[in-house]
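From first to last, the protein sequence lines stand for chains P and X.
For the first sequence, the numbering used here gives the first residue as 1, with consecutive numbering after it.
For the second sequence, the numbering used here gives the first residue as 151, with consecutive numbering after it.
See below for the structure under consideration.
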Amino acid sequence: MGGFLLSADFVFLSRKIYFSSAHRYHIESWSADKNLAVFGACNNPYGHGHNYELEVTVLGPVNEDTGMVINLTDLDLILKEKIMNPLDHKHLNHEVPYFKDRVPTTENIILFCWEELAPCFSHPLSLYKLKLYENPELFVEYYGDNTPSV
Amino acid sequence: MTTPRLYKTITFELKAHHRLISNRLSQEENERIYQKCMGKFGHGHNYKICVTFCHSADDIFYGRLKHLTSLVHSLLIEPFHLKSLNAEFAAMGVENPTTTGEQIVSIFTQKLVEAGLSEHVSRLEVQETRKNSFITSPKKGGHMAT
Numbered sequence: 001m002g003g004f005l006l007s008a009d010f011v012f013l014s015r016k017i018y019f020s021s022a023h024r025y026h027i028e029s030w031s032a033d034k035n036l037a038v039f040g041a042c043n044n045p046y047g048h049g050h051n052y053e054l055e056v057t058v059l060g061p062v063n064e065d066t067g068m069v070i071n072l073t074d075l076d077l078i079l080k081e082k083i084m085n086p087l088d089h090k091h092l093n094h095e096v097p098y099f100k101d102r103v104p105t106t107e108n109i110i111l112f113c114w115e116e117l118a119p120c121f122s123h124p125l126s127l128y129k130l131k132l133y134e135n136p137e138l139f140v141e142y143y144g145d146n147t148p149s150v
Numbered sequence: 151m152t153t154p155r156l157y158k159t160i161t162f163e164l165k166a167h168h169r170l171i172s173n174r175l176s177q178e179e180n181e182r183i184y185q186k187c188m189g190k191f192g193h194g195h196n197y198k199i200c201v202t203f204c205h206s207a208d209d210i211f212y213g214r215l216k217h218l219t220s221l222v223h224s225l226l227i228e229p230f231h232l233k234s235l236n237a238e239f240a241a242m243g244v245e246n247p248t249t250t251g252e253q254i255v256s257i258f259t260q261k262l263v264e265a266g267l268s269e270h271v272s273r274l275e276v277q278e279t280r281k282n283s284f285i286t287s288p289k290k291g292g293h294m295a296t
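Written out as structure tokens, the structure is:
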């Protein structure tokens with residue numbers, strides 16, 4: 001009864017991962033006063049840390065043999081290699097080259113995650129959306145070229 | 151001036167047993183793909199079934215919400231609560247009841263469509279665990295919502 005499974009339909013699959021990192025908001029070309037004025041306590045010399053939550057949403061057709069959009073084991077391997085290994089328990093300013101010349105704001109971190117993850121999925125599977133929580137009260141969302149929906 | 155659209159999400163809890171296994175794969179392939187999720191006797195989850203109703207701000211939706219909520223409960227929760235999804239899907243005639251999250255959300259979507267709810271439900275989410283969720287849209291021609 002293959003028709004029962006909506007083979008022509010796509011399903012969004014979302015997986016959450018958690019990583020803990022340190023960061024500091026600082027721009028080298030700015031004066032100390034300007035850094036302090038713009039970034040406040042986030043400019044403290046040694047930085048501070050967060051428990052980040054990243055929700056990764058991929059979109060694809062359901063394989064009629066496995067019933068899966070993607071095997072979670074395979075997805076977890078991608079997330080471990082591309083996100084957890086580079087970011088977890090790291091100081092983003094000092095240990096992640098992407099942030100050498102970029103302030104590791106939540107916005108820039110989600111762009112890093114998108115650049116790392118998007119090439120890992122090929123047609124008909126694609127990365128649809130990322131949602132990154134810095135803490136329960138602050139999150140950013142990024143859709144790449146996809147159209148955000150309700 | 152367009153009429154504002156509102157989205158209201160009702161969350162149901164479904165406690166059920168399942169075992170990931172495909173009758174189209176060999177024993178070795180099943181073990182390789184599903185690993186501990188195809189443990190011999192299966193396992194279970196407290197699934198959260200999140201149903202998002204879409205309606206106009208000026209319609210009489212709230213008068214129908216109780217009826218629609220009851221209807222969704224009768225379609226998606228009552229037949230499966232405290233039961234085995236593998237057994238229930240097989241009894242429904244699903245040829246290959248893998249009971250993955252993708253299949254659950256697809257079958258539940260189909261049930262809502264067949265019950266004529268596609269005009270009312272814009273989004274259906276099946277949360278298997280706090281880390282995994284599966285989303286689709288029963289709304290015909292509507293953009294899938296995340």
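Don't be surprised by glycine CBs; every beta carbon is placed ideally from N, CA and C.
DSSP places residue 25(P) in the coil class of the three-state scheme, outside both helix and strand. When 7 Å is used as the limit between beta carbons, residue 139(P) is near no residue of chain X, the shortest such separation being about 14 Å. Within chain P, the residues whose beta carbon sits less than 8 Å from that of residue 252(X) are 11, 13, 62, 67, 68 and 69, listed in sequence order.
Only those residues of the stretch 236 to 266 of chain X whose C-beta falls short of 8 Å from the nearest C-beta of chain P are listed: 242, 243, 244, 245, 246, 248, 249, 250, 251, 252, 253, 255, 256, 257, 259 and 260. Three or more Cβ pairs closer than 8 Å define a contact, and the stretch 187 to 196 of chain X falls short of that threshold against the stretch 261 to 275 of chain X. Scanning chain P for C-beta atoms nearer than 7 Å to the C-beta of residue 281(X) yields 15 and 16, reported in chain order. For residue 80(P), DSSP records no beta bridge to any residue. Distance from the CA of residue 222(X) to the CA of residue 254(X), rounded to the nearest whole angstrom, comes to 15 Å. Considered as a whole, the stretch 101 to 147 of chain P harbours 126 to 135 and 138 to 142 as its complete beta strand (DSSP E) runs of no fewer than 3 residues, in chain order. Against chain X, the beta carbon of residue 130(P) has no neighbour under 9 Å; the closest one sits roughly 11 Å away.
Residue 235(X) sits close to residue 168(X), with the two beta carbons spaced by under 8 Å.
The criterion of a C-beta distance shorter than 8 Å is satisfied by residue 19(P) and residue 87(P).
For residue 34(P), there is no enclosing beta strand (DSSP E); the enclosing alpha helix (DSSP H) has its first and last residue at 32 to 39. Taking 8 Å as the cut-off between beta carbons, the residues of the stretch 71 to 102 of chain P near chain X are 71, 72 and 73, in sequence order.
Neighbourhood of residue 284(X) in chain P, by CB distance below 9 Å: 11, 12, 13, 14 and 69, in chain order. Beta-bridge partners assigned by DSSP to residue 256(X): none are found. Counting other Cβ atoms within 10 Å of its Cβ, residue 32(P) stays below 16 and is therefore classed as exposed. Within chain P, the C-beta atoms nearer than 7 Å to that of residue 183(X) come from 66 and 71, in chain order. Proximity to residue 115(P) across 83(P), 133(P), 139(P) and 90(P) peaks at 83(P), based on C-alpha coordinates.
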